[in-house]
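Numbering (this note's numbering), first residue to last: 9 to 186.
Backbone N, C-alpha and C fix where the C-beta goes; we use that ideal spot for every residue, glycine too.
These numbers were taken from a predicted model, which means no experiment stands behind them.
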Amino acid sequence: FNRIKKSGEIVSLLVTIQDITKQVIISRELKESKNLARKEIEAILSTISQNKANLLVFLDHMNETIYQINTTLQNIHDGIDYRKELNHIYRLVHKVKGEASTFGFSFFYESCHQFEELLNSLLRNENINGDIMLTVAVNLESLIQKTNIIKKIIDKSDSIDNSQEKSMEISQVKPSET
């Protein structure tokens, strides 16, 4: 606010208004993004801190499921019953979600749960077509990426374990006495 005075009296006010809607929206999105990233990191850490043998078995099942979903998507063509295929994919994702829950792999549980919710919303559409199936493919890619993240972490931890073992072996070797 700026006051305009004449002879010591306020005769007018000059008001400047600025729209900060975009800044507020961006700030909220950034905050949500940070929260999501934090939750994903916590879920990843929780997942990789579980029994490694169980995690490896689960990853094999996850890869098999991803392959089955991908094969289903590749075999889609005109005239196919999209609803039947979506239901098949839903059952596959639900099975993996149950396994993730059983083993306590929250990272995969959350990912599968989100995928399941998408499939549920798609199945509520009366007119399911090939375009809807593209949405499934995009979300499958997200699941593939998340699976690859855990595989890379396991591989890195294996290489760290191996280098620590070699380091221990080297330090335990006694120098020969001369």
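Within the same chain, show all residues whose beta-carbon is closer than 8 Å to that of residue i, passing over the 5 residues directly before and after it, in chain order.
i, result
"residue 52", "115, 157, 158, 161"
"residue 98", "124, 127, 128, 131"
"residue 164", "none"
"residue 66", "107, 108, 111, 113, 116"
"residue 143", "126, 130"
"residue 154", "115, 116, 119"
"residue 21", "9, 10, 11, 12"
"residue 69", "104, 107"
"residue 96", "80"
Between the Cα of residue i and the Cα atoms of the options, which residue gives the shortest distance?
i, options, result
"residue 117", "163, 141, 151", "151"
"residue 89", "134, 70, 125, 122", "134"
"residue 23", "9, 78, 75", "9"
"residue 77", "35, 166, 120", "120"
Leaving out the 5 sequence neighbours to the left and right, which residues in its chain are closer than 6 Å to residue i when beta-carbon positions are compared?
i, result
"residue 140", "130"
"residue 19", "12"
"residue 55", "113, 115"
"residue 73", "100, 104"
"residue 28", "none"
"residue 147", "123, 126"
"residue 47", "none"
Which residues in the same chain have their Cβ closer than 7 Å to the Cβ of residue i, if we skip the five residues on either side of it in sequence?
i, result
"residue 102", "124"
"residue 145", "81"
"residue 93", "80, 84"
Along the chain, where does the beta strand (DSSP E) containing residue i start, and where does it finish?
i, result
"residue 15", "Residue 15 -> no beta strand (DSSP E), and no H or E assigned at all."
Legend entry - Touching by the beta-carbon criterion (3+ pairs, under 8 Å), the region 59-67 and the region 96-115: yes
Inset, instruction - Kindly provide the ranges of any beta strand (DSSP E) runs that are 3 or more residues long and lie completely inside the region 53-136, ordered along the chain. - result: none
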